[in-house]
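Chemist:
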Amino acid sequence: MASDRKPILLDGGMGQEIYNRGGKGGYGEWATAALYEDPQLVREIHLDYIRAGADVITTNSYGTTRMRLSAVGLEDRFEKLVRAAGELASDAREMAGRGDLRIATSLPPLEASYVNEFELSYDETSAQFAELMDLLDPYVDIFLGETLSTSFEARAFLEAAQGRGKTTWLALTLNDHGSTDLRGGESLADIIALVRDYAPDALLINCCTPDSVREALPVLQESGLPFGGYANGFVEIPAAWDERGGVMQLETRRDLSPEVYASDVARWMQAGAAVVGGCCETGPAHIARLRQLIDSGEQKEESE
């Protein structure tokens with residue numbers, strides 16, 4: 001059942017938006033290269049999401065982890081790139097004159113997306129999440145651990161966030177096409193039971209197909225925590241995913257227009273989603289349509 005309180009609206013994808021506007025798509029370059037080659041592009045994308053009506057924009061820090069940068073010989077630029085991601089989002093908020101706008105920091109899988117085997121130990125993983133939080137703390141309002149595939153990553157992120165006085169959102173990624181299992185193999189219900197003691201401020205589902213977000217809603221409702229989702233616009237993440245192949249190996253859906261996506265999100269909102277937005281291959285037009293959906297109360301009318 002829909003709440004009387006309006007859901008918080010996130011922005012849409014950053015990395016794919018950079019790529020679609022002419023940025024690089026290879027491993028180690030996707031999204032990150034724009035921070036030093038075309039920072040104005042990153043700032044303009046943030047501004048486009050603000051103009052579309054987002055309540056929250058997310059830093060372009062998905063690719064700026066030590067492990068990812070080290071793999072492409074850029075670890076010496078780690079601190080500079082992380083701070084640049086924070087500064088560009090902060091600049092966009094100031095340029096837009098939106099003091100009410102909040103900034104979330106993208107805290108992604110540290111080694112690779114959609115995997116369940118790691119080089120880093122648990123303590124090393126938590127420490128590297130903490131290092132990212134330290135660097136981005138001056139620029140952001142929300143610590144957003146996103147696209148996490150395992151309880152290992154989720155717990156390490158939440159432990160690093162403890163005692164910092166920041167809003168903390170945990171976003172997990174599920175298998176595509178209506179699954180309620182994380183890409184690492186664990187069930188969503190089991191993960192929620194493991195992370196409850198960390199008291200995240202919201203549980204989200206991201207970077208999977210919209211039907212997986214929909215199927216997760218009853219499980220999220222049972223948690224008693226604020227919940228929501230932001231799906232991607234890919235056909236699917238293949239089982240043979242190789243991050244070093246870059247995003248160019250993924251097929252984009254041609255049928256997920258802003259209107260179609262809004263119809264999916266309307267159902268999430270009817271179920272009580274408190275946070276909604278878009279992930280890869282959703283852009284400013286999708287967010288503008290969600291802003292209209294939220295403000296018009298269309299989803300409530302459909303549920304009555």
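Counting along the sequence shown from 1, when you hit position 288 you're at 288 in my numbering, and nothing is skipped either side.
By construction, the Cβ of each residue, glycine as well, lies at the ideal position given by its N, Cα and C atoms.
What you are looking at is a predicted structure, and each value in this text was computed from that prediction instead of being measured.
At the level of alpha carbons, what is the spacing between P39 and D176?
Modeler: 33 Å
Chemist: Restricting to Cα atoms, I'd like to know which of L158, D201, G145 and V219 is closest to S179.
Modeler: V219
Chemist: Please determine, among A156, L148 and E215, the residue with the shortest C-alpha to C-alpha distance to L184.
Modeler: Note on identity: in this sequence residue 184 is Gly, with Leu being the wrong assignment. Ranking the options by Cα distance to G184, first place goes to L148.
Chemist: Spell out the partners DSSP gives G229 in its beta bridges.
Modeler: I205 and V276
Chemist: Grab me the residues of E304's own chain with a C-beta within less than 7 Å of its C-beta, minus the 5 sequence neighbours each way, in chain order.
Modeler: Residue confidence for E304 is low, a pLDDT of 45 falling below 50, so the modelled location carries little weight and cannot support an answer.
Chemist: Quick one: give me the first and last residue of the beta strand (DSSP E) that T167 is part of.
Modeler: Segment T167 to L172, the beta strand (DSSP E) holding T167.
Chemist: How is the alpha helix (DSSP H) around A189 delimited, first residue to last?
Modeler: L188 to V195
Chemist: Please report the straight-line C-alpha distance between G28 and Q128, rounded to a whole angstrom.
Modeler: When the Cα atoms are used, G28 and Q128 turn out to be separated by approximately 18 Å.
Chemist: Just verifying my parser: in three-state terms, what is the DSSP assignment at D48?
Modeler: helix
Chemist: Could you tell me how far apart the beta carbons of V310 and V265 are, in whole angstroms, since I believe they sit closer than 8 Å?
Modeler: Residue 310 lies beyond the range of the chain shown here (1 to 304); nothing can be said about it.
Chemist: Using 7 Å as the cut-off, classify the Cβ of D123 as near or not near the heavy atoms of the ligand NAP, replying yes or no.
Modeler: Absence of the ligand NAP is noted for the structure shown, with no ligands found whatsoever.
Chemist: If you measure between the beta carbons of T125 and T59, is that distance less than 8 Å?
Modeler: no
Chemist: Quick test of the definition: if touching needs 3 or more C-beta pairs under 8 Å, does the region 16 to 28 touch the region 60 to 73?
Modeler: The region 16 to 28 is in contact with the region 60 to 73.
Chemist: Should M133 be labelled buried (16 or more other beta-carbon atoms within 10 Å of its own) or exposed?
Modeler: buried
Chemist: Report the residue from D201, R254 and L135 whose alpha carbon sits nearest the alpha carbon of E87.
Modeler: L135
Chemist: Counting pairs of Cβ atoms below 8 Å between the region 285 to 301 and the region 49 to 58, do you hit three or more?
Modeler: Yes: at least three Cβ pairs fall under 8 Å.
Chemist: Please decide whether L88 counts as near chain E, where near means a Cβ-Cβ distance under 8 Å.
Modeler: Annotation note: the requested chain E is absent from the structure, which comprises a single protein chain.
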